[in-house]
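Report on the structure given below.
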Amino acid sequence: MGEFGVTFSDKIPIVKQTRLTAAQTCLLSLQRAFKIRKKVSEQKFVNIWHTFLEKSGKVHGYWYVPPPLGTTALFDGSKHSDRTNYTNLRDKVYWSKTELYLDKQEGGYLFSSPYFFHEDVPLIGDFGFTFYSGENQRIKDHFHRCTEIIKQLTEKISKGISFKELSALSTDIMQTGGFRNHIVSTTDKIKTNFGHTIPFLDRDPDERERKKIATGEPEIINSVISKAREFINKESEYIISQNCAFTFEPRFVSVADPKLPTFSLHLIILFENSRKEILANFNGLFNFLDMDFLTKL
C-alpha cells in the first residue's frame, strides 16, 4: 500500500481503461473521417479525436505536449510520403497540419497520450499505431514482417530481465530481421530507446512530485510524468518485476529500403503478479481499416 493508499492492483484498471478509451475514440474518429465528404486534414482529425476523448469523461489530461493537445495525426500521401518517418513528435515539423489531408488509399500514424487521475495520481494510457489502407503489396508485406518481429520481441519479454537487456535483445532481433529502431528522444539522455515505464504505477509520487501535481497546472503535471519515466535503453538497470508496466514501441525502418513507411505499434506490456499481458486494443481499428495482413499479437 502506497502513501496515497492506492495499490498496484487499484491502478491497473485505470491504465487499461484510459488506453481502451483512446483506442475506442480513435476508431470513432476514423469512422467519422471516412464518412465526411470534404477532405479531412491532419489537424481536423486531431480535433475530432480530441472531442471524442473529452466527451468520454474518462480522460483528465494529455501528458505528451508538444504536440498540441498531446495528440497527433500524420497522413502519408503522394506529395508527402514521409510523414510517418518522423524523428520525434515534439518537433514542430511533425505537428499535425491543416494543409495535409487523409488519403483513404494511403496510410499514416495516429497517437494520443491521455491520463486519468486516480486518488490524485496521474496514470497514463498512451495509444498509437501506423496504419495503411491502400493496395501496395510491398507496404503490406513490410508491415506484416514488422508485426512478425514485434510478436517475437514481445514473446521474449519476461520478468527478471533488465531494460538494458531488453534493449540489446530487441536491437539484435530487429537487426537480424533487416530493421533498425528509429526513435530519437528529446528526454532520454541515451537518445534512443524502445519505450518507458508507466509512471506511478509501481510506486507512488514522492513528496516533491506530489506538490507539483497538486498545483493542477497541466504543464507542471506533464513534466512530472515525463521525468518519472524509466527508459528501455542500453544503460537502464531497471528490472522487470512481478508488478510493473511499460510502453513498448519499437519503430521499424527497413535497412534495405528506408523509403518504405516507418512502422510502429505503441503497446503497453503489463505484469501483474508475474502474469504478462499485452495491451494492444487494435482489433476494431484493424478490422475497420482492412489490415488483416498483419500478424496477430
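The UniProt record's numbering puts the first residue of the sequence shown at 1, with every later residue one more than the last.
Note that CB positions come from ideal geometry on N, CA and C, so glycine has one too.
Just so we're clear, the structure is a prediction, and the values are computed from it rather than from any experiment.
Q. Excluding the five sequence neighbours on either side, which residues of its own chain have a C-beta within less than 6 angstroms of the C-beta of residue 163, listed in chain order?
A. Excluding sequence neighbours, residue 163 sits near 232, 236 and 238.
Q. Apart from the five residues on each side of it in sequence, which residues of its chain come closer than 8 angstroms, Cβ to Cβ, to residue 276?
A. Within its own chain, the residues whose Cβ lies closer than 8 angstroms to the Cβ of residue 276, once the five positions on either side in sequence are excluded, are 157, 158, 159, 269 and 270, listed in chain order.
(Q) Do residue 109 and residue 125 have their beta-carbon atoms positioned less than 8 angstroms apart in this structure? (A) Taking 8 angstroms as the cut-off, the beta carbon of residue 125 is found no closer than this to the beta carbon of residue 109.
Q.
According to DSSP, simplified to helix, strand and coil, what is residue 2?
A. Below a pLDDT of 50, predicted positions are generally treated as unreliable, and residue 2, at 41, falls in that range; the measurement from the model is reported next regardless. If DSSP states are grouped into helix, strand and coil, residue 2 belongs with coil.
Q.
For residue 224 and residue 99, what's the separation of their Cα atoms in angstroms?
A. Residue 224 and residue 99: Cα-Cα distance of roughly 34 angstroms.
**Q.** Close Cβ partners of residue 285 (< 6 angstroms) along its chain, the five nearest in sequence each way excluded
**A.** Only residues of its own chain outside the window of five on either side were considered, and among them 27 have a CB closer than 6 angstroms to the CB of residue 285, listed in chain order.
Q: Just mark residue 255 as buried or exposed, buried being the case when its beta carbon has 16 or more other beta carbons within 10 Å.
A: Burial check for residue 255: the Cβ neighbour count within 10 Å stays below 16, so the residue is exposed.
(Q) Out of 123, 22, 73 and 234, which one is the CA nearest neighbour of residue 280? (A) The residue with the shortest Cα to Cα distance from residue 280 is 22.
Q: Look at the alpha carbon of residue 55 and the alpha carbon of residue 177, and state the distance between them as a whole number of angstroms.
A: Cα-Cα distance, rounded: 42 angstroms.
Q) Would you call the CB atoms of residue 250 and residue 194 closer than 8 angstroms? A) The Cβ atoms of residue 250 and residue 194 lie closer than 8 angstroms to each other.
Q) Alpha carbon to alpha carbon, what distance is there between residue 116 and residue 16? A) Each residue's Cα considered, the two are about 11 angstroms apart.
Q: Inspect the CB distances between the region 44-54 and the region 67-77 and report whether three or more fall short of 8 angstroms.
A: Flag = yes, the region 44-54 and the region 67-77 touch.
Q: Evaluate residue 247 with the Cβ neighbour count: other Cβ atoms within 10 Å of its Cβ, from every protein chain shown; 16 or more gives buried, anything less gives exposed.
A: Burial call: buried.
Q: Pull up the distance between the alpha-carbon of residue 58 and that of residue 146, whole angstroms please.
A: One C-alpha to the other measures close to 32 angstroms.
Q. Where does the unbroken alpha helix (DSSP H) through residue 255 begin, and where does it stop?
A. Counting along the chain, residue 255 falls outside any alpha helix (DSSP H), and DSSP gives it neither H nor E.
Q: Compute the Euclidean distance between the alpha carbons of residue 220 and residue 63, then round it to the nearest angstrom.
A: One C-alpha to the other measures close to 10 angstroms.
Q. Under the rule that 16 or more other beta-carbon atoms within 10 Å means buried, what is residue 83, buried or exposed?
A. Label assigned to residue 83: buried.
**Q.** Secondary structure of residue 136, DSSP reduced to three states
**A.** Three-state DSSP puts residue 136 in coil, outside helix and strand.
Q. First and last residue of the alpha helix (DSSP H) that includes residue 167?
A. Start and end: 163-176.
Q. Is the beta carbon of residue 174 less than 8 angstroms from the beta carbon of residue 139?
A. No, Cβ-Cβ distance for residue 174 and residue 139 is not below 8 angstroms.
**Q.** Proximity below 8 angstroms, CB of residue 153 to CB of residue 170
**A.** At the C-beta level, residue 153 and residue 170 come within 8 angstroms of one another.
Q. Under 8 angstroms, do residue 185 and residue 88 count as touching if we go by C-beta distance?
A. Going by C-beta atoms, residue 185 is nearer than 8 angstroms to residue 88.
**Q.** Continuous beta strand (DSSP E) assignments of at least 3 residues falling wholly in the region 97-155
**A.** Those beta strand (DSSP E) runs which fall completely within the region 97-155 and span 3+ residues are 107-112, 114-118, 121-124 and 127-132.
(Q) Give me, in chain order, the residues of the same chain whose beta-carbon lies closer than 6 angstroms to that of residue 38; leave out the 5 immediate sequence neighbours on both sides. (A) Sequence-distant Cβ neighbours of residue 38 in its own chain, meaning closer than 6 angstroms and more than five residues away, do not exist here.
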